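Q: Here it is, the structure in full.
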Amino acid sequence: MRNQAEQRAALVAMLRQPGARWSEITDEVLDSGDAIEVLRCRLGEGGLFPVADAGAMLDDAAQLIAQWSTDGICFRTFLDDDYPAQLRDIREMPPVLFSRGTDAPDERAIAVVGTRRASERGIRIAEAVATDLAHREVTVVSGLAAGIDTAAHTAALRAGGRTVAVIGTGIQRYYPAQNRELQDEIAAKGLVLSQFWPDAAPTRQSFPMRNAVMSGYSAATVVVEAPWRSGARIQARLALQHGRPVVMPKELLEHDWAQEFATRPGVRVVGDLAELLDVVEELIAMMSGALVPLTGIPGLADA
0 MRNQAEQRAA LVAMLRQPGA RWSEITDEVL DSGDAIEVLR CRLGEGGLFP VADAGAMLDD
60 AAQLIAQWST DGICFRTFLD DDYPAQLRDI REMPPVLFSR GTDAPDERAI AVVGTRRASE
120 RGIRIAEAVA TDLAHREVTV VSGLAAGIDT AAHTAALRAG GRTVAVIGTG IQRYYPAQNR
180 ELQDEIAAKG LVLSQFWPDA APTRQSFPMR NAVMSGYSAA TVVVEAPWRS GARIQARLAL
240 QHGRPVVMPK ELLEHDWAQE FATRPGVRVV GDLAELLDVV EELIAMMSGA LVPLTGIPGL
300 ADA
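If you count the sequence shown from 1, position 31 lands on 30 in numbering that gives the first Met the number 0, and the numbers rise without skipping.
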């Protein structure tokens, strides 16, 4: 096996080429087991990259990786042993990750997500769930957006717990701008995680991609509020695809998407906050090995 630093540089060099398809490159490296060999094949006659000098590409990528380290950014690839194990299980596994903060296995992690335009009731639910998780030493995962995400992160920090923010921009950006202080606090006390180049601006595609990673990183997802166009709805769908349980309050059944999801194995619909917290307790016990995985008895609980 070649030098690990060279392998990482080769992967970065390929991913940074204009028009590079990240999923294709990831699959090729997985199949080959050698990122440098894949790079050289792509540079060969009829190759996909309009560059002839593999050495120059590797040097440029190595310098970039060194600069990220100087800037205080933790960088890892799926080639690294410390890449989050739970993300290796999902189809959308990002080939690279950037982070600030304290890494941990986070095997006991639950995502708490919802709309940016949250109601007062939604905020209260998010805060209660996040506080309960924090008190039980379960990591609270969310997306650092306004509304439900902000409430979940803030409550977890207030309770002295660990929280992970999976963001839809580069790690060097603050979005939304009003969460700059919160993002820095999470980096100081928990973890901020991004799959995008450090200076990447937000795009329409980046947030659904972020939801896939958030779902994969978490053992389950609690959807607090989510209209049709909400990223939380996307995450609920992705969580089911990833084999992760989904919990949602009965109020979401006013939406057609929630009615359809409620019939699927792995989804629990709860009638009130007390029942939601009971289900969360089941999930925590499941993660601790005390219960078999939830089969997701569908249906609407009584209020």
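Where a beta carbon is used, it is the ideal one built from N, C-alpha and C, also for glycine. Note that this is a predicted model, so its numbers are computed, not measured.
1) Enumerated in chain order, which unbroken segments of the beta strand (DSSP E) with a length of 3 residues or greater are wholly contained in the segment 83-162?
2) By DSSP's criteria, Met247 is part of a beta bridge. Which residues make up the other side?
3) I need the straight-line Cα distance from Leu14 to Leu239, nearest angstrom please.
4) Is the segment 131-142 touching the segment 253-268 in the sense that three or more CB pairs, one from each, lie closer than 8 Å?
5) Does any C-beta atom of chain C lie closer than 7 Å to the C-beta of Ala117?
6) With a CB to CB cut of under 8 Å and the five nearest residues on each side skipped, what residues in its chain are close to Ile147?
7) For the alpha helix (DSSP H) containing Phe334, name the first residue and the last one.
8) Can you tell me which of the three DSSP states Phe195 falls into?
9) Among Ala8, Ala53 and Gly189, which residue has its Cα nearest to the Cα of Val165?
10) What is the DSSP secondary structure of Ala219, counted as helix, strand or coil?
11) Return helix, strand or coil for Arg236, following the three-state DSSP convention.
12) My assumption, with CB atoms under 8 Å, is that Gly160 sits in contact with Leu143. Please give the rounded CB distance.
13) Could you check whether Ala218 and Ala108 sit closer than 7 Å to each other, using their CB atoms as the reference points?
14) On a CA-only basis, which of Ala145, Arg236 and Asn210 is nearest Arg179? Give me that one, please.
15) Alpha carbon to alpha carbon, how far is Pro207 from Arg228? Give it in angstroms, no decimals.
16) Measure the Cβ-Cβ separation of Pro197 and Gln171 and say whether it is below 7 Å.
17) Three-state secondary structure (DSSP) at Phe77?
18) On the criterion of 16 or more Cβ atoms from any shown chain inside 10 Å, does Glu44 qualify as buried, or is it exposed?
19) With DSSP collapsed to three states, give me the class of Ala164.
20) In the DSSP assignment, find the alpha helix (DSSP H) that holds Ala225 and state where it starts and stops.
21) Since I believe Val11 is in contact with Glu91 (beta carbons under 8 Å), could you give me their beta-carbon distance rounded to a whole number of angstroms?
22) Work out the CA separation of Gly18 and Met286 for me, nearest whole Å.
23) How many Å lie between Gln234 and Asn210 at the Cα?
A: Short version:
1) 95-100, 108-112 and 138-141
2) Within the sequence shown, the letter at position 248 stands for residue 247. Note: Met247 sits in a beta bridge opposite Val268.
3) As a working mapping, residue 14 is identified with position 15 in the sequence shown. As a working mapping, residue 239 is identified with position 240 in the sequence shown. In a straight line, the C-alpha of Leu14 is about 29 Å away from that of Leu239.
4) no
5) Note that chain C does not occur in the displayed structure, where there is just one protein chain.
6) In the sequence shown, the residue the question calls residue 147 occupies position 148. So the list reads Val111, Val112, Gly113, Thr114, Arg115, Ala117, Gly121, Ile122, Ala125, Ser141, Val223, Glu224 and Ala231, once near-sequence residues are dropped.
7) The structure shown does not extend to residue 334, since the chain is modelled only from 0 through 302, so no value can be given for it.
8) Reading the sequence shown from its first residue, position 196 is the one you call residue 195. Coil, per DSSP.
9) For this step, residue 165 is matched to residue 166 along the sequence shown. Answer by Cα proximity: Gly189.
10) Translated into the one-based positions of the sequence shown, residue 219 becomes position 220. In the structure shown, Ala219 sits in a strand (DSSP, three-state: E or B).
11) Along the sequence shown, one-based indexing puts residue 236 at 237. Arg236: helix per DSSP, three-state reduction.
12) Translated into positions along the sequence shown, residue 160 becomes position 161. Translated into positions along the sequence shown, residue 143 becomes position 144. Contact flag wrong, Cβ pair sits at about 16 Å.
13) Position 109 of the sequence shown holds residue 108. Position 219 of the sequence shown holds residue 218. In this structure, Ala218 lies closer than 7 Å to Ala108 by Cβ.
14) To locate residue 179, count along the sequence shown from 1; it is residue 180. That would be Ala145, whose Cα lies nearest to the Cα of Arg179.
15) Translated into positions along the sequence shown, residue 228 becomes position 229. Translated into positions along the sequence shown, residue 207 becomes position 208. Roughly 11 Å between the two C-alpha positions.
16) Against the sequence shown, residue 197 aligns to sequence position 198. Against the sequence shown, residue 171 aligns to sequence position 172. In this structure, Gln171 lies closer than 7 Å to Pro197 by Cβ.
17) Taking the first residue of the sequence shown as position 1, residue 77 is located at position 78. DSSP places Phe77 in coil when its eight states are reduced to three.
18) As a position in the sequence shown, residue 44 is number 45, starting the count at 1. Low confidence applies here, because Glu44 scores a pLDDT of 49, under 50, leaving its location unreliable and the question unanswered by this model.
19) Working through the sequence shown from its first residue, we reach residue 164 at position 165. Ala164 falls in the strand class under three-state DSSP.
20) Position 226 of the sequence shown, counted from the start, is the residue given in the question as residue 225. Careful: Ala225 lies outside any alpha helix (DSSP H) and carries neither H nor E.
21) What you label residue 91 is simply residue 92 of the sequence shown in a count that begins at 1. What you label residue 11 is simply residue 12 of the sequence shown in a count that begins at 1. About 19 Å separates the two Cβ atoms, so there is no contact after all.
22) As a working mapping, residue 286 is identified with position 287 in the sequence shown. As a working mapping, residue 18 is identified with position 19 in the sequence shown. Answer to the nearest angstrom: the Cα atoms are 40 Å apart.
23) The count along the sequence shown starts at 1 and reaches residue 234 at position 235. The count along the sequence shown starts at 1 and reaches residue 210 at position 211. Straight-line Cα distance between these residues: approximately 5 Å.
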